[in-house]
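K.L.:
Protein chains in written order, with this note's numbering: chain C, 1289 to 1416; chain U, 39 to 370; chain R, 4 to 266; chain V, 5 to 148; chain A, 279 to 942.
First the structure, which I've put down as structure tokens, then a few questions once you've had a look.
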């Protein structure tokens, strides 16, 4: 896939119209994982809009999103940055050998109290 | 067979007549044949006793007659309305065609009506029809033993997709069960839409070419109540007493359907009375289906005073150019 | 009143209290919670991509069950609730997804999209009524200062969840007040605890959790109450100075159902 | 120009305020379109009765196009919104009767869109020409 | 049968270059009704017009067809020509053989053939033309202004100065509107009250102006030049003509806990009140929702202390009916409710306020006497965060907020920031913006001054969440230029709420049959060329009811609306366009379809008696078109199922004749 195709694929599976963004930065203002990210929610949107996909796909920022939906709710333009981040991450992990987390990683992270929900969720987000 | 008896209805009417609450009763009486039950105006309990008929052939929607009678008669008129007729009644109220003050509307529960054409299709020379629980016994000139046709087989087209809703806008309602809805009334419309244009053309060419311009559809239609029909008006540019060719057949039916679009309650009277068995309701249902899918569901006559879709708009309405792509997408 | 109940995997394991007290309270309130037979894990999080179908089928099975039984579908866990509700929304708004999902499931009864989904809190508010609960409280939690913690999943995305005002919700507070305790306002009640990021970055999870419990503590609360096992885990794992309990436990306590036998 | 060489007869109803002015602008800018297109001026597209459209077909028109102000710009504020509904339904009905859907069109052309007017007419004339003679909605008695 | 003359113009070579004009004139000679046909180089010239005039007389023409340029060009010219020769001007039709023929086609045979067809269509139409006479209607020389803010006041003053009586209807107890609540005005920083209150007094003292305060429009009938309006004068329980505005009643009223709407609920007023010191009329009003006397019949203190005897607890609402020639809508705006934007914690902290509340907090006549303090604890704020675009520029699907830019917020926020820094230099001021929009005279200079001279921190970015922690407001925001998430501990947060039309606008528009956009702003007749007129004749727009506006813009629009009103009122009579709809009562069903599609409310229904063939009388409901109101769009003609409704000048049979002629 070339960059253009990737861009189209991301827009298709996310259902997001990145052009609606007016660059107000409210998503980034509201994002709880902002400080951990290399690219921030508004940059995600801009990079998808302009087709700067490869850098985005290579970034660890994809795995920092907490799926808290704050950017979705607070965006005045209904852009839904979360859905873009999710789509880009899926593009990545849907590729052979690109899982961000494997079953082997789990034992070291696990502790006695950790709810099943956390492990299931992480697998949904980080593996395919 | 109707669950509510004719006696119940005529008794109710007679008591209101005798009490002076109403002066006239609009109901049904027998015509030439058993299957030919026609609208009739009664003025006394005696007349009711003698002639009033309520059975599976009391199909006629009486609402349209109220336009004429509320104007020409000076007393209150009792009218019997089946659930589906009440939509027409309500639509006429919306269009200010009936003086509500002069009407005493009584809702009649209906158990489904019979289609004389379906019965006659298999029986020539009918002398009498008797109703049974399950259907009809048809006596003919040519056979001693009456033929049986079941209620389902003989059911009127409109009853197949009965609106099944409760009566609306009435003064009084006779208690009883209402026929339950069944088929999707747009099945045939969708089937036609899914044909090729050629198939559609030939279908309609075949149907409409049978039109003899008897005007029965227009005369019975509760939405076709114009003081003067454009087809009778020399200044309208489309005046046309009898269709001379296929264009005029189409012209008449397209314009008629367009004029009632958004006002047609889908009462099915047009198809019922058509002596040529043209499925005219498929034209009206096409408009109804289009209106429902383009502009949101709308049932003419459901709410008195509602704004018909063709005298309304939304700034985000579908463009005429999008109609086909959009619908093809829906039907796919 | 009968409801169909989707417990979810965590409630069968690490969060058995959440489940146990939900059932006990329901019993006390006269609600029959019928556990959906053979329910399957919701997946923990909703995957928003249009073309993700398989991950949402378990939710649709649960929805279909509720529709078939003409009963509200009730969840207690925030995450299950969020996933099921978002899946239902997509099912009803995205015809391509709907078609695919129906084809995948290939079941005899096709889900029509008509299930009514209630979080246990919504059930208390909309089907029981907080006034009614107040009447049934036998051991009011007088004197307790409770910080309710919504987290993200109950409220957002609001266009789908429609539980309450997502920025200034009241449903949880109203319940707490109905139970006789004081509900302490603090602004971080609808911010993220870090969620599953605990597996990716313990630091981030710690930072987020800390901001929540510190806000609650400085507002004077003595207990944090939540509906989500993961929220509870994160807060406790990251050294919340306040106890973090499930709301069902408080409810059961106030209704006097906590110590009763299970059945 | 049409491949089959058929010269169709096209009736264009144009609203006085936008589309008729747009047609004038096409003229001012000398933008060619086929002479097959004959314009009838109406105050507003909402003056166009479905009967007029059918009449044109009856008398031998091969295509009918209705042009009005863009939705929201109607000189009479709402006329073209009614046109939009009426014609959407009428065209859908004609299609239902098996009449070629390409023979009818509604186009919004503002007074400033001379180029759009010419382009629209060129395109429409070409489409209609490629369909050939209107045989499904004609009245043979009216043919030359 | 008509006697029609055909006049084919060459337009120099403009037409004659591609159209054989002789052939056209020749071909049209044989058309039905044509008795004369000729061509000439320039038909619109004096000589050309004389040819037409002569022919009308010589051939006793009853109709004229001119084959020439577009009717949009010379229809008026040729109609005048015909009229000078004694022919009804509406018996003239133009065949457009220049713009729509010679200029767009290349070869002569094609051009000629089409020109003949177009000429034929015009002849066919004229054959069915009927003489039309423009109607006349009287103009009532009185105007109504709805809304007594700065827009309404300015419009009323300008109309009154031209010598026409004006009524101002204001729903509040005083005129003044939003401007009366403002502190200073950008970009000159003059005090709002200092420039507004003299105008309020002018309005009160102008003998042509009658102020109907505490009143609302209840019903509107009639049409341009002749509206009939019913106004409800709400009972204020104080006799307006007797009350001196001394305020003794206010002082004695024991009901002290009524939220003061003038100060946006930031302090309290009494149950009997005068909204502010400079109110016009300066008359007390009793609030029936709070007055003990009105509620339970107990108290009566105010009546006892009123030496003028103005208190009247028995007062009732009064309906006034008045006729007007013109109506001006000046219903203004309101800030939107901030309930749906509680990420900014407006409902969670008293120290998160709207910009209008900030105006009151800094206004010398406000609840704090102009001292900028926190509403929660009265302390001086050291850090203030202003948030722009709260509820403006939102996506239509976002379920909250408005799609449009509210236009005034950038400037008033710059003003607030600047004034704060000026008065309290120890206060840090942050303004979070998406864009700073300053298109106005001296506007950008003003904004730059706020930044450069006053050191206001403008941050490109948005606030994501405001968290009230203890007595600070933790503001989490983005700084898009530095690429940082900011965390600011603020003492006060000010939200620039979007503005929306006043809620009274929508029902009023329905009464006026004036159109509105989806945001409930009134639509102008033309967005560029007729910006102060509604498409409904005789209804004019002033101020923010038409769209967000600042004061200078409002005042200029108010003046423009006034000049349009004056232009209407100086006329004694209005000539009406005769190309209007007409209903054939014999065919009318009375179904109301036409009434429902009419954008002007030109159609009414009456019950009319009809004598039937059998001499009986029937009463039927039939439509009637008011020719003074109808604009001639024709929407009704198609809505009418029976064809009873037709349009003069564009009758169905005329259009059908054109179709037939073209398709022949």
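Where a beta carbon is used, it is the ideal one built from N, C-alpha and C, also for glycine.
Contact check, residue 363/A vs residue 338/A under 8 Å by CB: the rounded distance?
P.N.:
As a first step, residue 363/A is located in the fifth chain; it is residue number 85 there, counting from the start. As a first step, residue 338/A is located in the fifth chain; it is residue number 60 there, counting from the start. Not really, about 11 Å apart at Cβ, beyond 8 Å.
K.L.:
For residue 6/V, name the three-state secondary structure that DSSP assigns.
P.N.:
Indexing the fourth chain from 1 puts residue 6/V at position 2. Here residue 6/V scores only 45 on pLDDT, less than 50, and its place in the model is too uncertain to base an answer on.
K.L.:
So, are the CB atoms of residue 554/A and residue 643/A less than 8 Å apart?
P.N.:
Translated into positions along the fifth chain, residue 554/A becomes position 276. Translated into positions along the fifth chain, residue 643/A becomes position 365. Contact: yes.
K.L.:
So, with DSSP's three-state summary, where would you put residue 634/A?
P.N.:
Residue 634/A sits at position 356 when you count from the first residue of the fifth chain. Residue state, collapsed to three classes: helix.
K.L.:
For the region 213-240 of chain R, list every residue whose C-beta sits within 7 Å of some C-beta in chain A, in sequence order.
P.N.:
218, 221
K.L.:
Which of helix, strand or coil does DSSP assign to residue 925/A?
P.N.:
Looking up residue 925/A in the fifth chain gives position 647. Residue 925/A falls in the strand class under three-state DSSP.
K.L.:
Does chain A have any CB closer than 8 Å to the CB of residue 191/R?
P.N.:
Counting from one through the third chain, the residue named residue 191/R turns up at place 188. It does: the Cβ of residue 191/R has a partner Cβ on chain A nearer than 8 Å.
K.L.:
Apart from the five residues just before and just after residue 35/V, which ones in its own chain have a Cβ nearer than 7 Å to its Cβ?
P.N.:
What you label residue 35/V is simply residue 31 of the fourth chain in a count that begins at 1. Leaving aside the five residues that flank residue 35/V on each side, the residues in its chain whose CB is nearer than 7 Å to its CB run, in chain order, 118, 119, 122.
K.L.:
Since I believe residue 60/U is in contact with residue 115/U (beta carbons under 8 Å), could you give me their beta-carbon distance rounded to a whole number of angstroms?
P.N.:
Numbered from 1 along the second chain, position 77 holds the residue referred to as residue 115/U. Numbered from 1 along the second chain, position 22 holds the residue referred to as residue 60/U. So it is a contact: roughly 6 Å between Cβ atoms.
K.L.:
Scan the region 614-629 of chain A for residues whose Cβ lies nearer than 8 Å to a Cβ of chain C and list them as they occur along the chain.
P.N.:
621
K.L.:
Alpha carbon to alpha carbon, how far is residue 790/A from residue 58/R?
P.N.:
Numbered from its first residue, the fifth chain carries residue 790/A at position 512. Numbered from its first residue, the third chain carries residue 58/R at position 55. Between residue 790/A and residue 58/R, the alpha-carbon positions lie close to 56 Å from each other.
K.L.:
Under 8 Å, Cβ to Cβ, is there at least one residue of chain A near residue 157/V?
P.N.:
With chain V represented from 5 up to 148, any question about residue 157/V goes unanswered, as that position is not in the structure.
K.L.:
Report the residue ranges of all alpha helix (DSSP H) runs contained in full by the region 106-164 of chain U; include only those spanning at least 4 residues, in chain order.
P.N.:
121-132, 154-159
K.L.:
Below 7 Å between beta carbons is the criterion; list the residues of the region 289-301 of chain U that meet it against any residue of chain A, in chain order.
P.N.:
297
K.L.:
What are the start and end residues of the alpha helix (DSSP H) that includes residue 36/R?
P.N.:
Here residue 36/R corresponds to residue number 33 of the third chain, with the count starting at 1. Not the alpha helix (DSSP H): residue 36/R falls in the beta strand (DSSP E), residues 35-38.
K.L.:
Comparing the C-beta of residue 304/U with each C-beta of chain V, is any distance below 8 Å?
P.N.:
Working through the second chain from its first residue, we reach residue 304/U at position 266. No, its Cβ sits nowhere closer than 8 Å to a Cβ of chain V.
K.L.:
For the alpha helix (DSSP H) containing residue 84/R, name the first residue and the last one.
P.N.:
Indexing the third chain from 1 puts residue 84/R at position 81. Counting along the chain, the alpha helix (DSSP H) containing residue 84/R begins and ends at 81-96.
K.L.:
Please report the Cβ distance between residue 868/A and residue 134/U, rounded to the nearest whole angstrom; I am assuming they are in contact, meaning their Cβ atoms lie under 8 Å.
P.N.:
Along the fifth chain, read from residue 1 onward, the residue named residue 868/A stands at position 590. Along the second chain, read from residue 1 onward, the residue named residue 134/U stands at position 96. Indeed they touch by this definition, with Cβ atoms about 5 Å apart.
K.L.:
Going by the beta-carbon positions, is the gap between residue 442/A and residue 484/A smaller than 8 Å?
P.N.:
Working through the fifth chain from its first residue, we reach residue 442/A at position 164. Working through the fifth chain from its first residue, we reach residue 484/A at position 206. It is not a contact, given that the beta carbons lie outside the stated cut-off.
K.L.:
Determine the closest residue to residue 1298/C out of 1355/C, 1338/C, 1363/C, 1412/C, with distance taken between C-alpha atoms.
P.N.:
Taking the first residue of the first chain as position 1, residue 1298/C is located at position 10. Ranking the options by Cα distance to residue 1298/C, first place goes to 1338/C.
K.L.:
Which same chain residues end up closer than 6 Å to residue 922/A when comparing Cβ atoms and leaving out the 5 residues on each side of it in sequence?
P.N.:
Translated into positions along the fifth chain, residue 922/A becomes position 644. 861, 862, 865, 866, listed in sequence order.
K.L.:
Determine the direct distance from the alpha carbon of residue 1356/C to that of residue 1326/C, and round the result to whole angstroms.
P.N.:
The residue given as residue 1326/C occupies position 38 in the first chain. The residue given as residue 1356/C occupies position 68 in the first chain. Whole-angstrom Cα-Cα distance: 18 Å.
K.L.:
Please name the residue or residues paired with residue 943/A in a DSSP beta bridge.
P.N.:
Here chain A covers residues 279 to 942 and nothing more, so residue 943/A does not appear.
K.L.:
Which of helix, strand or coil does DSSP assign to residue 551/A?
P.N.:
Here residue 551/A refers to the residue found at position 273 when the fifth chain is read from its first residue. The answer is strand: DSSP assigns residue 551/A an E or B state.
K.L.:
Could you tell me which uninterrupted beta strand (DSSP E) segments, each at least 3 residues in length, are contained entirely in the region 369-435 of chain A, listed from first to last along the chain?
P.N.:
370-374, 414-416, 421-424
K.L.:
Taking CB distances under 8 Å as the criterion, tell me whether residue 119/U reaches chain V.
P.N.:
As a working mapping, residue 119/U is identified with position 81 in the second chain. Closer than 8 Å: no.
K.L.:
Any C-beta of chain A sitting closer than 8 Å to the C-beta of residue 81/V?
P.N.:
Within the fourth chain, residue 81/V is the residue found at index 77, counting from 1. It does: the Cβ of residue 81/V has a partner Cβ on chain A nearer than 8 Å.
K.L.:
Please state the DSSP three-state secondary structure of residue 110/V.
P.N.:
Sequence index remark: in the fourth chain, residue 110/V carries index 106 (1-based). Residue state, collapsed to three classes: strand.
K.L.:
Beta carbon of residue 847/A, beta carbon of residue 421/A: below 8 Å?
P.N.:
Taking the first residue of the fifth chain as 1, we reach residue 847/A at position 569. Taking the first residue of the fifth chain as 1, we reach residue 421/A at position 143. Yes, Cβ-Cβ distance for residue 847/A and residue 421/A is below 8 Å.
K.L.:
In three-state terms, what does DSSP make of residue 771/A?
P.N.:
Against the fifth chain, residue 771/A aligns to sequence position 493. Residue state, collapsed to three classes: strand.
K.L.:
Round the Cβ separation of residue 86/R and residue 46/R to the nearest angstrom and send it over; I've been treating them as touching at under 8 Å.
P.N.:
Residue 86/R sits at position 83 when you count from the first residue of the third chain. Residue 46/R sits at position 43 when you count from the first residue of the third chain. Yes, they are in contact, since the Cβ atoms of residue 86/R and residue 46/R sit about 6 Å apart, within 8 Å.
K.L.:
Could you work out which residues of chain A lie near residue 163/U, taking near to mean beta carbons separated by less than 8 Å?
P.N.:
By 1-based counting over the second chain, the position of residue 163/U is 125. By Cβ distance, chain A contributes nothing, its closest Cβ being about 42 Å from residue 163/U, past 8 Å.
K.L.:
Residue 748/A CB to nearest chain R CB: under 8 Å?
P.N.:
To locate residue 748/A, count along the fifth chain from 1; it is residue 470. It does; some Cβ of chain R falls within 8 Å.
K.L.:
Give a yes or no on contact between the region 851-858 of chain A and the region 409-425 of chain A, applying the rule of three or more CB pairs nearer than 8 Å.
P.N.:
Here the region 851-858 of chain A lies against the region 409-425 of chain A, with 3 or more beta-carbon pairs under 8 Å apart.
K.L.:
Between the C-alpha atoms of residue 133/V and residue 235/U, what's the straight-line distance to the nearest angstrom?
P.N.:
Walking along the fourth chain from the start, residue 133/V turns up at place 129. Walking along the second chain from the start, residue 235/U turns up at place 197. Distance between the alpha carbons of residue 133/V and residue 235/U: 18 Å.
K.L.:
What is the C-beta distance between residue 399/A and residue 940/A, in whole angstroms, given that I count them as a contact (C-beta under 8 Å)?
P.N.:
The residue labelled residue 399/A in the question sits at position 121 within the fifth chain. The residue labelled residue 940/A in the question sits at position 662 within the fifth chain. So it is a contact: roughly 5 Å between Cβ atoms.
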